[in-house]
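**Q**
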Amino acid sequence: MKLHTTLTASSLLLAVTLSAGALQASPYQGDGHLLGTPEDLSWGPVGSMGEGAEIAIIEGNLSEEEPFTFRLRLADGYEIKPHVHPAYERVTVLSGTLHFAHGETFDPETATRLPVGGYAIMSPGDAMFGRAEGETVIQLHGTGPWGIDYIDPADDPRQ
């Protein structure tokens, strides 16, 4: 497997912060309780995913070794090209449908349909890809530092 590593967790946080502007004035950092509704979230672009994807950070600093939670909103037909992460990825589908699969080559025919309530857990370094059916919102959580490396450098919108 040939990986194109262009993003450290620190630069991911910088890319997310710069591209998203004021996603959420101050993501939760573990002090007290945090309660909220979907309307409380601030959405912005995801520099590492390109047009058609938006992010709302709920908690954590993605560049630090600490818990994080964020949501991704994907436009209908959005393709998540084959990539890997440095840490476990835990995904829950909140709306829409995510077609998700393991592998280094984008092949929609091999994807598993994950409807609302569907979930996936992927190991660090395992290649994965997906596609949104209808506008799809997924929630991801794990422990940082977080990052994304595309299998094919041409798929990386930061290039």
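Going by my numbering, 182 is the number at position 28 of the sequence shown; the sequence numbering is gapless.
The beta carbon of each residue, even a glycine, is placed where N, CA and C say it ideally should be.
Quantities reported herein were computed from a predicted structural model and do not represent experimental measurements.
(1) If you follow the beta strand (DSSP E) that L268 is in, where does it begin and where does it stop?
(2) For the beta strand (DSSP E) that contains M276, what are its first and last residues?
(3) Can you tell me whether G298 is buried or exposed, with buried defined as 16 or more other CB within 10 angstroms of its CB?
(4) Quick check: what's the CA-CA separation for D280 versus G201?
(5) So D230 and A286 are supposed to be a Cβ contact under 8 Å. How far apart are they, rounded?
(6) With DSSP collapsed to three states, give me the class of D310.
(7) Three or more beta-carbon pairs under 8 Å between the region 300-312 and the region 224-241, yes or no?
(8) Where does Q313 land, buried or exposed, given buried means 16+ other C-beta within 10 angstroms?
**A** This is what the structure gives:
(1) Here residue 268 is taken as the residue at index 114 of the sequence shown, counted from 1. T266 to L268 is the extent of the beta strand (DSSP E) around L268.
(2) Within the sequence shown, the letter at position 122 stands for residue 276. Y273 to M276 is the extent of the beta strand (DSSP E) around M276.
(3) Locating residue 298 in the sequence shown gives position 144, counting from the first residue. Answer is buried; the Cβ neighbour count reaches 16.
(4) For the purposes of this step, residue 280 is taken as residue 126 along the sequence shown, with counting starting at 1. For the purposes of this step, residue 201 is taken as residue 47 along the sequence shown, with counting starting at 1. So the two alpha carbons sit approximately 22 Å from each other.
(5) As a working note, residue 230 is residue 76 in the sequence shown. As a working note, residue 286 is residue 132 in the sequence shown. That belief holds up - the Cβ atoms of D230 and A286 are roughly 6 Å apart, short of 8 Å.
(6) Position 156 of the sequence shown holds residue 310. Of the three classes helix, strand and coil, the one that applies to D310 here is coil, per DSSP.
(7) yes
(8) Walking along the sequence shown from the start, residue 313 turns up at place 159. The residue in question, Q313, is exposed, as its Cβ has fewer than 16 Cβ neighbours within 10 Å.
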